[in-house]
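Asks: The structure follows.
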Amino acid sequence: MKAINIFLLKLAILLTLKICNCEEVYDFSYHPEPKSIYEFSVKDDQGNNVSLSKYRGYVLVLSDVAIRPPVEFIYIKQLNILQEKYYDEGLRVLCFPTDQLYAVVPPYPVNATEFRNKYHLKFEIFGSLNINNGLRHSAHPLWLWLQRSQEGFLINAIKYNYTKFVIDRYGLPTDRFSIFASLQDMENAVLRHLRD
Numbered sequence: 013m014k015a016i017n018i019f020l021l022k023l024a025i026l027l028t029l030k031i032c033n034c035e036e037v038y039d040f041s042y043h044p045e046p047k048s049i050y051e052f053s054v055k056d057d058q059g060n061n062v063s064l065s066k067y068r069g070y071v072l073v074l075s076d077v078a079i080r081p082p083v084e085f086i087y088i089k090q091l092n093i094l095q096e097k098y099y100d101e102g103l104r105v106l107c108f109p110t111d112q113l114y115a116v117v118p119p120y121p122v123n124a125t126e127f128r129n130k131y132h133l134k135f136e137i138f139g140s141l142n143i144n145n146g147l148r149h150s151a152h153p154l155w156l157w158l159q160r161s162q163e164g165f166l167i168n169a170i171k172y173n174y175t176k177f178v179i180d181r182y183g184l185p186t187d188r189f190s191i192f193a194s195l196q197d198m199e200n201a202v203l204r205h206l207r208d
């Protein structure tokens, strides 16, 4: 019975994402298709633009993180472990707070310093953003590009928080991991690029 309920919940989520047009792709007809992550800018938690070109030459892990309780600390801890373990070898973990998957629109502002201190985080936290398209909001073009570059299961939209994308030293997405991926799988993907 529990398995049927879980299946029905997952089906409802997928149908909702389809109905809300959450996997609609950013219209790149007005702009050339980005060739790397370095062509994007995001906002820091103070609202300042940050060009991702500042991470040129690093291996990156980009993750959305839940900013509404309950924050699943185990997933934040995994990101912290990766950052601490491989920072000196050139890994940078970049996190983007969102509460979009909790159906709150628009995302409320996040004090990254407070969030970082509360969970003793070592990685960089940016301003909150939308990661999927919806009825009343648009996803950040970076997240739509990531979804197009590394397809998801059934649909490309982000279905759960803590979806992670591994970016190689050339700024190209090479792997996508759901919340259910093991730390070892992510670590193997990161090491493949760090050791190249």
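Numbering-wise (our numbering), the sequence shown opens with residue 13 and increments by one.
Every residue gets a Cβ at the ideal spot worked out from N, C-alpha and C, and that includes glycine.
The structure presented is a predicted model; accordingly, all values stated were derived computationally and were not measured.
Suppose the cutoff is 6 Å on Cβ atoms and the five residues either side in sequence are ignored; what does the same chain contact list for D197 look like?
Replies: none
Asks: Taking C-alpha atoms, which residue in P153, A201, R128 lies nearest to K176?
Replies: A201
Asks: Throw me the rounded Cβ distance for the L64 and S75 pair, which I believe falls under 8 Å.
Replies: The pair is not a contact, with the Cβ atoms about 14 Å apart (cut-off 8 Å).
Asks: Following the continuous beta strand (DSSP E) through K55, name the residue where it begins and the one where it ends.
Replies: 53-55
Asks: Which same chain residues end up closer than 8 Å to V62 when comparing Cβ atoms and leaving out the 5 residues on each side of it in sequence?
Replies: S53, V54, K55, D56, F138
Asks: Taking all protein chains shown into account, decide if F135 is buried (16 or more other Cβ within 10 angstroms of its Cβ) or exposed.
Replies: Within a 10 Å sphere around the beta-carbon of F135 sit 16 or more other beta-carbons, which makes this residue buried.
Asks: According to DSSP, simplified to helix, strand and coil, what is Y38?
Replies: With a pLDDT of only 44 at Y38, under 50, the local geometry of the prediction cannot be trusted, and the value read off the model is given with reservation. Look at Y38 here: in three-state DSSP terms it is coil, with no helix or strand label.
Asks: Cutting at 8 Å between CB atoms, please list the residues of its own chain near G102, excluding the five before and the five after it.
Replies: G69, Y70, V71, R181, L206
Asks: Tell me which same chain residues have a C-beta within less than 6 Å of the C-beta of F108, skipping the five on either side of it?
Replies: Around F108: D76, F138, L141.
Asks: Take the Cβ of G183 as the centre, count every other Cβ of all protein chains shown within 10 Å, and call the residue buried at 16 or more, exposed below.
Replies: buried
Asks: Which partner residues of N61 appear in the DSSP bridge assignment?
Replies: K55
Asks: On the three-state DSSP scale, how would you describe A78?
Replies: strand
Asks: Using only the alpha-carbon positions, how far apart do R160 and Y131 sit?
Replies: R160 and Y131 have their C-alpha atoms spaced approximately 31 Å apart.
Asks: With burial defined as no fewer than 16 other Cβ atoms inside 10 Å of the residue's Cβ, what is the status of I209: buried or exposed?
Replies: Because the chain here runs from 13 to 208, residue 209 falls outside it and cannot be looked at.
Asks: How many angstroms separate the CA atom of S194 from the CA atom of R128?
Replies: 23 Å
Asks: For E101, which three-state DSSP category applies?
Replies: In the structure shown, E101 sits in a helix (DSSP, three-state: H, G or I).
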